[in-house]
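Quick note: the sequence shown uses this note's numbering, first residue 3, plus one each step.
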Amino acid sequence: MARSQRKSRRKSSGGLYHYSRGKRKRELAGFNALTKLGEKKELRSKRVLGGHKKDLLLAVKEINVADKKGKTIKTEIISVLENTANPNLVRRSVLTKGTIVETKLGKVRITSRPGQEGLINGELL
């Protein structure tokens, strides 16, 4: 069964909505890239709506860090400290936007979307 991003079939009362049509290609949901902390794995490219491309980053251990002055330095990620979106992702060392990681420069919050942009940027805390 295909994963869909449509509205739920259930009403708040528990009843069912009755749709007059089936699923459409544009409504199908993709799987998460779940970028891990580790040796860099190749980018995978995915075609999305409109013929555009998304680059999936599968594993990485370096991050581009911007300090308060705007200077950017590439540094190594040591560990994953915190993820406000889902605490379970910390144990699995999954990197998402908003994740706080420990680097050689200090704590850094990820500002890019590694599962969709193919790179990791962050700001120093």
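We put the CB at the ideal spot given by N, CA and C, even for glycine.
Open item on the list: Please report the distance separating the alpha-carbon of residue 61 from that of residue 81.
Closed with: Sequence index remark: in the sequence shown, residue 61 carries index 59 (1-based). Sequence index remark: in the sequence shown, residue 81 carries index 79 (1-based). The straight-line gap from Cα to Cα measures roughly 13 Å.
Open item on the list: Runs of 4 residues minimum, wholly inside the segment 26-71: which ones carry the alpha helix (DSSP H) assignment?
Closed with: none
Task: residue 83, enclosing beta strand (DSSP E) - first and last residue - done: Within the sequence shown, numbered from 1, the residue matching residue 83 stands at position 81. 74-84 is the span of the beta strand (DSSP E), which, as asked, contains residue 83.
TODO: Would you kindly work out how many angstroms separate the C-alpha atoms of residue 94 and residue 29, rounded to a whole number?
DONE: For the purposes of this step, residue 94 is taken as the residue at position 92 of the sequence shown. For the purposes of this step, residue 29 is taken as the residue at position 27 of the sequence shown. If I take the Cα positions, the gap works out to 29 Å.
Open item on the list: Quick check: residue 45 and residue 108, are their CB atoms within less than 7 Å of each other?
Closed with: The sequence position of residue 45 within the sequence shown is 43, counting from 1. The sequence position of residue 108 within the sequence shown is 106, counting from 1. Not closer than 7 Å, so no.
Open item on the list: Would the segment 101-116 count as touching the segment 69-84 if we require 3 or more Cβ pairs under 8 Å?
Closed with: yes
- [ ] On a CA-only basis, which of 115, 25, 19 and 105 is nearest residue 127? Give me that one, please.
- [x] Position 125 of the sequence shown, counted from the first residue, corresponds to residue 127. Among 115, 25, 19 and 105, the Cα nearest to that of residue 127 belongs to 105.
- [ ] Per DSSP, which residues does residue 6 bridge with? Please list them.
- [x] As a first step, residue 6 must be located in the sequence shown, where it is residue number 4. Paired residue(s): 30.
TODO: Kindly identify the DSSP beta-bridge partner or partners of residue 124.
DONE: The residue you call residue 124 lines up with position 122 of the sequence shown. 67 and 112, per the DSSP bridge assignment.
- [ ] Go to residue 92, then tell me how far its beta strand (DSSP E) extends in each direction, as first and last residue.
- [x] Residue 92 sits at position 90 when you count from the first residue of the sequence shown. Taken as a continuous stretch (DSSP letters only), residue 92 belongs to no beta strand (DSSP E), being part of the alpha helix (DSSP H) at 90-93.
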